[in-house]
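Here is the structure we will look at, set down as structure tokens.
Number of protein chains: 2
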Amino acid sequence: MRHWFIDKEPNGMASWQEAFPDSLVFGRDHLSRIGTGDEPGVLWFRIRAGEVLTAVFHGVALPPRILFVVLADEPSDSLIEEALASGASGCCNTYAAPDVLRQVALVVENGGLWIGRSLLSSLVGSTSRLLAKNGEKARVDNWCERLSERETQVARLVANGASNREIAEQLFITERTVKAHLSAVFEKLAIRDRLQLSLRINGVSI
Amino acid sequence: MRHWFIDKEPNGMASWQEAFPDSLVFGRDHLSRIGTGDEPGVLWFRIRAGEVLTAVFHGVALPPRILFVVLADEPSDSLIEEALASGASGCCNTYAAPDVLRQVALVVENGGLWIGRSLLSSLVGSTSRLLAKNGEKARVDNWCERLSERETQVARLVANGASNREIAEQLFITERTVKAHLSAVFEKLAIRDRLQLSLRINGVSI
DNA sequence: CAAGCCATTGAACCAAAGTACAGTCTCGCG
DNA sequence: CGCGAGACTGTACTTTGGTTCAATGGCTTG
Chain A
1 MRHWFIDKEP NGMASWQEAF PDSLVFGRDH LSRIGTGDEP GVLWFRIRAG EVLTAVFHGV
61 ALPPRILFVV LADEPSDSLI EEALASGASG CCNTYAAPDV LRQVALVVEN GGLWIGRSLL
121 SSLVGSTSRL LAKNGEKARV DNWCERLSER ETQVARLVAN GASNREIAEQ LFITERTVKA
181 HLSAVFEKLA IRDRLQLSLR INGVSI
Chain B
1001 MRHWFIDKEP NGMASWQEAF PDSLVFGRDH LSRIGTGDEP GVLWFRIRAG EVLTAVFHGV
1061 ALPPRILFVV LADEPSDSLI EEALASGASG CCNTYAAPDV LRQVALVVEN GGLWIGRSLL
1121 SSLVGSTSRL LAKNGEKARV DNWCERLSER ETQVARLVAN GASNREIAEQ LFITERTVKA
1181 HLSAVFEKLA IRDRLQLSLR INGVSI
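Line order of the protein sequences matches chains A and B. According to the working numbering, the first sequence is numbered sequentially starting from 1. According to the working numbering, the second sequence is numbered sequentially starting from 1001.
Here you go:
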């Protein structure tokens, strides 16, 4: 099973290579060359923040043996809907850990759909209102709305279990700067540490 | 990983037992007794022709370690929507072959959604994949199975965002003891800190 | 009984996380 | 142009988390 990663620029995340050492990372201009052989595989397509899937993924016809997963910088209901409508087998976080990526691969390779635990609740909320019986409405926690772009980026990595050092390396900044961003995040969201941030972002205890 | 099948009458289909020889079949009156232990598993709930899911599956609160799949005598789009809205990880045909059932289990145990061949093909257009290719048996994460009772208790509190001091106060032990339990948990689960423990327990990244 | 697991704790220690109080640089806006 | 916001960094500090040496007592099981 091959794995191709498509990013805007052909750099990609380190975690991708970690998850699938034999995988290949391409820029979007190489998209048309994926899956020309007979080999089955998974195409991971990164959608950056603010982008619309259908705008960057138009007119691409994948053969049925090539499965397709959207990697979302900023997952949202609409993006998931678009992804599924475009034939994707799933939508997961760009910053997901290697273990998670392999898990996603396992699911989609077996014919399942993967939209993530945390995303599931919001999707369900959009497809049906049945859950709103006890007056509890599935409100979406837009935690990132008050955060700057960089703060959001750091917060996401923290929520996936990364240490300050790892985040620093990933973003090419010092550990000190990571701490600065995090302190700002904690204050803006009125939480006290990274674990609570993770719970908040992952929708465990909203 | 346990499998419970709930039918209107506690007879069930032969194919269910064939798919999971250790599974149990109950009538709907036994539904409330499912998942009272710590054991993780999959609950398969049969919806007969003409029935409405929400009418027969109301007010049932399953713990998060119990996954839930709807077995539909007559699958329809609306039933699938209802199923997902009720927290189901999938919806497949009551009369599905044992191989298919095991495939569904494989997908949902790994956090994926399985919404059946027909809808899947209309969305994804992909054919199903072969099952258990490498003979690798994917299992759900029963993290607490190797932990002692006290370790499990501490781990759960950590996963909810508690600090060591808070845990100590709550359990009437010293902070030192909390640390001891946590160190044991980290080693047994092969993880490095409390954030990863939280992700593991909360099913964000298995 | 001996062996082993479990719960508990202490002292000391190191590493990571987070805070306080700075500063530089860039960029957009009125 | 001045001003504010955001990205970035430094030094120093406190707190928290986690490990490494122990040790004690209860409990079950062969």
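All residues carry an ideal CB built from backbone N, CA and C; glycine is no exception. Computed from a predicted model, the values in this text were never measured in an experiment.
Practice task
Give the secondary structure of Arg-46 (chain A) by DSSP, where H, G and I count as helix, E and B as strand, and everything else as coil.
Solution key: Translated into the one-based positions of the first sequence, residue 46 (chain A) becomes position 46. Arg-46 (chain A) falls in the strand class under three-state DSSP.
Quick check on the burial criterion: 16 or more other C-beta atoms within 10 angstroms. Buried or exposed for Met-1 (chain A)? By one-based count along the first sequence, residue 1 (chain A) stands at place 1. Exposed: under 16 other Cβ atoms inside 10 Å.
- Item | Where Gln-196 (chain A) meets chain B, residues with beta-carbon distance less than 9 Å | Start at 1 with the first residue of the first sequence, and residue 196 (chain A) comes out as number 196. Residues of chain B whose Cβ lies closer than 9 Å to the Cβ of Gln-196 (chain A) are, in chain order, Gly-1161.
Looking at Phe-1045 (chain B) and Ser-1023 (chain B), is the spacing between their C-beta atoms short of 9 Å?
If you number the second sequence from 1, residue 1023 (chain B) lands on position 23. If you number the second sequence from 1, residue 1045 (chain B) lands on position 45. Against a cut-off of 9 Å, the Cβ pair of Phe-1045 (chain B) and Ser-1023 (chain B) comes out as no contact.
Ends of the alpha helix (DSSP H) at His-181 (chain A)? On the first sequence, position 181 is the one that residue 181 (chain A) refers to. Its alpha helix (DSSP H) spans residues 175-189.
Q) Do you know how far the Cα of Arg-1033 (chain B) is from the Cα of Glu-1211 (chain B)? A) Because chain B here runs from 1001 to 1206, residue 1211 (chain B) falls outside it and cannot be looked at.
Checklist line | Where Thr-1094 (chain B) falls, given that 16 or more other Cβ within 10 Å makes a residue buried | finding: Here residue 1094 (chain B) refers to the residue found at position 94 of the second sequence. Flag for Thr-1094 (chain B) reads buried.
**OP:** Could you tell me the boundaries of the beta strand (DSSP E) in which Asn-93 (chain A) lies?
**Re:** For the purposes of this step, residue 93 (chain A) is identified with residue 93 of the first sequence, where counting begins at 1. Annotation: the continuous beta strand (DSSP E) that includes Asn-93 (chain A) extends over 90-93.
Run down chain A in chain order and give the residues with a C-beta less than 8 Å from the C-beta of Ser-1115 (chain B).
Translated into positions along the second sequence, residue 1115 (chain B) becomes position 115. The sequence shown places Ile at residue 1115 (chain B), rather than the Ser named in the question. Under the 8 Å cutoff, chain A gives Leu-113.
Quiz item: Can you name the start and end residues of the alpha helix (DSSP H) that Trp-1143 (chain B) belongs to?
Solution: Here the question's residue 1143 (chain B) lines up with position 143 in the second sequence. From DSSP, Trp-1143 (chain B) is part of no alpha helix (DSSP H); its letter is neither H nor E.
Taking Cβ-Cβ distances below 9 Å as the criterion, which residues of the segment 95-112 of chain A are in contact with chain B? Ala-96, Ala-97, Asp-99, Val-100, Gln-103, Val-104, Leu-106, Val-107, Val-108, Glu-109, Asn-110, Gly-111 and Gly-112
**Asked** Does the beta carbon of Asp-1193 (chain B) come closer than 9 Å to any beta carbon on chain A?
**Response** Residue 1193 (chain B) sits at position 193 when you count from the first residue of the second sequence. True, the Cβ-Cβ gap to chain A drops below 9 Å.
Express the C-alpha separation of Arg-1200 (chain B) and Ala-155 (chain A) in angstroms, rounding to a whole number.
Against the first sequence, residue 155 (chain A) aligns to sequence position 155. Against the second sequence, residue 1200 (chain B) aligns to sequence position 200. So the alpha carbons of these two residues sit roughly 18 Å apart.
Return the first residue and the last residue of the alpha helix (DSSP H) that Arg-1002 (chain B) is part of. Residue mapping note: residue 1002 (chain B) aligns to position 2 of the second sequence, counting from 1. Segment 1002-1007 is the beta strand (DSSP E) holding Arg-1002 (chain B); no alpha helix (DSSP H) there.
Item to complete: Measure the C-alpha to C-alpha separation of Arg-192 (chain A) and Phe-186 (chain A) and round it to an integer number of angstroms.
Response: Sequence index remark: in the first sequence, residue 192 (chain A) carries index 192 (1-based). Sequence index remark: in the first sequence, residue 186 (chain A) carries index 186 (1-based). Taking the straight line from one Cα to the other gives about 6 Å.
Note to self: Taking 8 Å as the limit between beta carbons, can you name the residues of its chain near Asn-1011 (chain B), skipping five residues before and five after?
What the structure shows: For this step, residue 1011 (chain B) is matched to residue 11 along the second sequence. Excluding sequence neighbours, Asn-1011 (chain B) sits near Val-1025.
To the nearest angstrom, how far is the alpha carbon of Pro-1098 (chain B) from that of Glu-1081 (chain B)? The residue labelled residue 1098 (chain B) in the question sits at position 98 within the second sequence. The residue labelled residue 1081 (chain B) in the question sits at position 81 within the second sequence. Approximately 24 Å between the Cα atoms of the pair.
- In chain order, what residues of the same chain lie with their CB nearer than 6 Å to the CB of Val-224 (chain A), ignoring the 5 residues before and after it? Since the first residue of chain A shown is 1 and the last is 206, residue 224 (chain A) is not available in this structure.
Quick check on this structure: which residue in B:Gly-1090, B:Ala-1061, B:Glu-1018 and B:Ser-1198 has the alpha carbon closest to the alpha carbon of Ile-1047 (chain B)?
Translated into positions along the second sequence, residue 1047 (chain B) becomes position 47. Looking at the Cα atoms, B:Gly-1090 is the closest of the given residues.
### Query
Closest by CA to Leu-62 (chain A), which one among A:Ser-148, A:His-181, A:Pro-40 and A:Glu-9?
Looking up residue 62 (chain A) in the first sequence gives position 62. Ranking the options by Cα distance to Leu-62 (chain A), first place goes to A:Pro-40.
In whole angstroms, what separates the C-alpha of Phe-216 (chain A) from that of His-1003 (chain B)?
For chain A, the structure presents residues 1 to 206; residue 216 (chain A) sits outside this window and is missing.
Below 8 Å on the Cβ atoms is my guess for Ala-207 (chain A) versus Val-70 (chain A); work out the distance and round it to an integer in Å. The displayed coordinates of chain A run from 1 to 206. Any statement about residue 207 (chain A) would go beyond what the structure contains.
Apply the 10 Å Cβ neighbour rule to Glu-1178 (chain B) and answer buried if 16 or more other Cβ atoms are within range, or exposed otherwise.
To locate residue 1178 (chain B), count along the second sequence from 1; it is residue 178. Per the sequence shown, the amino acid found at residue 1178 (chain B) is Val instead of Glu. Val-1178 (chain B) is buried by the Cβ-count criterion.
With respect to the alpha helix (DSSP H) encompassing Val-1060 (chain B), which residues constitute its N-terminal and C-terminal limits?
Taking the first residue of the second sequence as position 1, residue 1060 (chain B) is located at position 60. Careful: Val-1060 (chain B) lies outside any alpha helix (DSSP H) and carries neither H nor E.
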